[in-house]
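**Q** Residue numbers (our numbering): 154 to 709. All residues carry an ideal CB built from backbone N, CA and C; glycine is no exception.
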Amino acid sequence: MYLSSAFLSHPIILFIAMIKRILHFLLKPFREHHVFMIAFFVLIAAPYIVFQLRFGFYHHYINTLLIAIHCAVISYFTTLLVSLIQPKILRKTIQSILIGLAAIMFATNIFCILKLHTTMDEDYLMLILDTNPNEAYEFITAVLPKRVIIIVSSAFILLLGLWGLSSHFNLNLRKKGSLVALALMGLFTIEAIHSWYIWQSGPLCLLKGLYDYETMAFDKPNNVKPCITFSTTQPRPNNIVLIIGESFARFHSSLYGYDKMTNPRLGELKKASLLYTFDSIDAPAPTTALSLKYMLTTCSKSKSDSISLAEEWRNSITVFDLLKACGYDSYWFSNQARNGRFNYMARAFAKACKENHFYQNEGSINDSYRLDQVLVDSSYQFTQHLEQNSSYFIIYHLMGSHFNYSQRYPKDYDHFSPDEYSNYPQHQRLNLSIYDNSILYNDYIVEQIINLFKDTEAIVIYIPDHGQDMYRSSPDYFTHGIMNDPVSYAYGVEVPLMIYASPVFQEKHPDTMQRIKYRQDHPKAWNTENLPYLILDLIGATDINGENIQSKSILN
Ligand SMILES: [Zn+2]
154 MYLSSAFLSH PIILFIAMIK RILHFLLKPF REHHVFMIAF FVLIAAPYIV
204 FQLRFGFYHH YINTLLIAIH CAVISYFTTL LVSLIQPKIL RKTIQSILIG
254 LAAIMFATNI FCILKLHTTM DEDYLMLILD TNPNEAYEFI TAVLPKRVII
304 IVSSAFILLL GLWGLSSHFN LNLRKKGSLV ALALMGLFTI EAIHSWYIWQ
354 SGPLCLLKGL YDYETMAFDK PNNVKPCITF STTQPRPNNI VLIIGESFAR
404 FHSSLYGYDK MTNPRLGELK KASLLYTFDS IDAPAPTTAL SLKYMLTTCS
454 KSKSDSISLA EEWRNSITVF DLLKACGYDS YWFSNQARNG RFNYMARAFA
504 KACKENHFYQ NEGSINDSYR LDQVLVDSSY QFTQHLEQNS SYFIIYHLMG
554 SHFNYSQRYP KDYDHFSPDE YSNYPQHQRL NLSIYDNSIL YNDYIVEQII
604 NLFKDTEAIV IYIPDHGQDM YRSSPDYFTH GIMNDPVSYA YGVEVPLMIY
654 ASPVFQEKHP DTMQRIKYRQ DHPKAWNTEN LPYLILDLIG ATDINGENIQ
704 SKSILN
């Protein structure tokens, strides 16, 4: 008795017992929770493997293999962690939730691969989060092809079948088999740590996307007092008005040669030499939040790689701080939603203004959505009481032609009918006609806003956040340009740029008018991420903290 207890408490025996317990724990995913682990692995890994194989297995087999290893390691450790949960009922519930989430990711990824030629990357996640859930649903149902539904539902049926079969057949590994599997998982883990960079192409990139999305708004540029130099001592214009449009494709504007008369009112202003249009203009991104991020700050997407971009974003200056330093107070009027995490970027900018007014609380699709007329009506009193000796920077954020197009205009703007699009395929005609109707109504709204300032010394800039790919990259695709598809992206960022100069402004600033007219007649490729430089150029500034403005303004 004495001998055996001494023997049992021997350190080597205790050590062996401990190793056995650890092994028992580490083997759990292979012996007790293998069905969950396999299902989780298949759901998260399959779309990424299919996507990699699209390029040809021969060229991308290493990436494909690494992503599979990466997903195997994620599945194993997730299963291991979940196996710790007690009691059993709670563990089963959490397993079901995780399988449900993985299934949603699987379906979304298959949709993205077949329809948008990309996996669900962080950019695309941002595009979806940028809209509200109703819009996302409408968008998906509008463009969802039958083959996606067939593939996804077949995969689910197959998986459910396997799940059912697993209870009839003993699929768990015996002791030796599970030890081999554990050794293999050890090697996989070492390889996954070694090739950690591959996570950027796998499912974990979504977590980064979500993290960036949540933190971006709070990580915005700090309030700074930039040092701005002016070329002359001439008084600056009283009113700078910036109309930020929504989803306006340049291709659909009659001001740019479109065959339907979508911009009759602005066309009249152009004829009267009050409005000037510029060609070869691109937006910095095909989505609202990303575009606004660059359009309203000095942050430049093109001059940085992705690592230093975060740094540059923090060091950048908002257009509101720039204009504040020039003596302008900013006022924000918006018909886009104030609430919801989906509108974080515009909300953060609106808060940086002296005053902000939102006329829509929820998303852009609900029963009580408002037409952009609300912006004209609600800001009327404000614009009639502008003080002569003050300088105003007034921003109008329109709902413009945001999907769903038919909800963006009143009945009396139902001008273009599908019959007028007989040279387009049947299935495109209705969407093209309602999109053009929304552009036509936008023409009226922009003119109404311009009219509020026509008797003052004012410059009004109209610029949409981005364009729309209306079936130009593919006969089945419309709405936002696709990030990973260069053709769709190019159409998605193709935008108009218009500058209205009131008669008083034209009279007081002949030199600036000369430069505006010259640029209209001599187009130059320009990205709207340089918008702050154009605005400062228009009010006569030359340098921001020693950086030359004119090289980035379109007028030079
Ligand atoms: Zn947008």
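With a floor of 4 residues, list each alpha helix (DSSP H) that falls wholly inside the stretch 398-432, ordered by position along the chain.
**A** 417-424
**Q** Leaving aside the five residues before and after P345 along the sequence, list all residues of the same chain whose C-beta is less than 7 Å from its C-beta, in chain order.
**A** Looking at the sequence itself, residue 345 is Ala, so the reference to Pro does not match. Counting only Cβ-Cβ distances below 7 Å, and skipping sequence neighbours, we find I222, H223, V226.
**Q** In whole angstroms, what is the alpha-carbon distance linking Q601 and D622?
**A** So the alpha carbons of these two residues sit roughly 27 Å apart.
**Q** Taking T430 and Y411 to be in contact with their CB atoms under 8 Å, please state how far apart those CB atoms are, rounded to whole angstroms.
**A** Their Cβ separation, rounded to whole angstroms, is 12 Å, which puts T430 and Y411 out of contact at 8 Å.
**Q** Secondary structure at A573, three-state DSSP: helix, strand or coil?
**A** Strictly speaking, residue 573 in this sequence is Glu, with Ala absent from that position. E573 falls in the helix class under three-state DSSP.
**Q** Assuming the contact rule is C-beta atoms closer than 8 Å, S559 and P571 should be a hit. Round their C-beta distance to whole Å, please.
**A** 12 Å between Cβ atoms; not a contact.
**Q** Quick check on the burial criterion: 16 or more other C-beta atoms within 10 angstroms. Buried or exposed for F259?
**A** buried
**Q** Here's the rule: buried if 16 or more other CB atoms are within 10 angstroms of the residue's CB, otherwise exposed. What is F168?
**A** With fewer than 16 other Cβ atoms within 10 Å, it is exposed.
**Q** Here's a check: name, in chain order, each residue in its chain whose Cβ is nearer than 6 Å to the Cβ of Y562, leaving out the five neighbours to either side.
**A** N590, S591, Y594
**Q** Enumerate in chain order the residues of its own chain whose CB-to-CB distance from D596 is below 6 Å, with the five nearest sequence positions on each side excluded.
**A** N416, R418, L419
**Q** Assuming contact is defined by CB atoms lying nearer than 7 Å, are I702 and Y686 in contact in what I supplied?
**A** yes
**Q** Compare the Cα-Cα distances from K564 to each of L524, H538, S575, S531 and report the closest residue.
**A** L524
**Q** Within 10 angstroms of the Cβ of T246, are there 16 or more other Cβ atoms? Answer buried if so, exposed if not.
**A** It counts as exposed.
**Q** Between which two residues does the beta strand (DSSP E) containing N509 stretch?
**A** Taken as a continuous stretch (DSSP letters only), the beta strand (DSSP E) holding N509 covers 508-513.
**Q** What does the alpha-carbon distance come out to for the pair F383 and S544?
**A** 16 Å
**Q** Within 10 angstroms of its Cβ, does G398 collect 16 or more other Cβ (buried), or is it exposed?
**A** buried
**Q** CB-CB under 6 Å to E508, same chain, minus the five flanking residues each way: which ones, in chain order?
**A** Y484
**Q** Determine the DSSP secondary structure at S487, reduced to helix, strand or coil.
**A** strand
**Q** Quick check: the Cα distance between G634 and M552, rounded to an integer number of angstroms?
**A** Spanning the alpha carbons of G634 and M552 requires a straight line of approximately 18 Å.
**Q** Is S426 near ligand 1, with its Cβ less than 6 Å from a heavy atom?
**A** S426 has its CB no nearer than 6 Å to any heavy atom of ligand 1.
**Q** Check the C-beta distance from P403 over to V648 and give it rounded, since I have them as a contact under 8 Å.
**A** The amino acid at residue 403 is misidentified as Pro; the sequence shows Arg. The Cβ separation is near 6 Å, so the contact holds.
**Q** Compute the Euclidean distance between the alpha carbons of I165 and A336, then round it to the nearest angstrom.
**A** 23 Å
**Q** For I612 and A654, I'd like the C-alpha separation in whole angstroms.
**A** 5 Å
**Q** Go ahead and label M448 buried or exposed: buried means 16 or more other beta carbons lie within 10 angstroms of its beta carbon, across all protein chains shown.
**A** buried
**Q** Quick check on this structure: which residue in I616, Q537, I302 has the alpha carbon closest to the alpha carbon of L395?
**A** I616
**Q** What number of angstroms, rounded off, separates the C-alpha of A678 from the C-alpha of S433?
**A** 5 Å
**Q** Can the beta-carbon of M338 be found closer than 7 Å to that of Y201?
**A** no
**Q** Note down, one range per segment and in chain order, each beta strand (DSSP E) of at least 3 residues found wholly within the stretch 579-633.
**A** 611-617
**Q** Can you name the residues that DSSP bridges to M651?
**A** T430, Y615
**Q** To the nearest angstrom, how far is the alpha carbon of K504 from that of T471?
**A** 12 Å
**Q** For ligand 1, any of its heavy atoms closer than 6 Å to the Cβ of E682?
**A** no
**Q** Figure out for me which residue from L196, I343, T232 has the closest Cα to the Cα of S306.
**A** L196
**Q** Can you tell me whether D618 is buried or exposed? The criterion is at least 16 other CB atoms within 10 Å of its CB, across all chains shown.
**A** buried
**Q** Are there any heavy atoms of ligand 1 lying less than 6 Å away from the beta-carbon of S591, as far as the coordinates show?
**A** no
**Q** Going by DSSP in three states, H662 sits in which element: helix, strand or coil?
**A** coil
**Q** V305 bridges to which residues according to DSSP?
**A** V305 is not bridged by DSSP to any residue.
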